[in-house]
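In what follows, a single structure is set out as structure tokens and then discussed.
Numbering (UniProt numbering), first residue to last: 1 to 61.
This is how it looks when you write it as structure tokens:
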């Protein structure tokens, strides 16, 4: 699973020029998409609430 996420990050870096979270849609809106660069702005809240981020790359200890 981790390998697929990393592959997605690298693919997004090639395609869009940044390591956008592969589990979130890149819209083309600069300010909106900036929040999705891994580790994304949503990660901390997701970990606190669910124990992991959307992709599962980052988890609670």
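Where a beta carbon is used, it is the ideal one built from N, C-alpha and C, also for glycine.
Exercise. Residue 37 bridges to which residues according to DSSP?
Worked result: 20
Exercise. Under 8 Å, do residue 46 and residue 54 count as touching if we go by C-beta distance?
Worked result: yes
For this session: Could you check what DSSP says for residue 2 in three-state terms: helix, strand or coil?
Result: helix
Exercise. Can residue 36 and residue 24 be called in contact, C-beta distance under 8 Å?
Worked result: yes
Problem set entry | Distance, residue 20 Cα to residue 13 Cα | 7 Å
Problem set entry | Residues that residue 59 bridges to, as DSSP identifies them | 52
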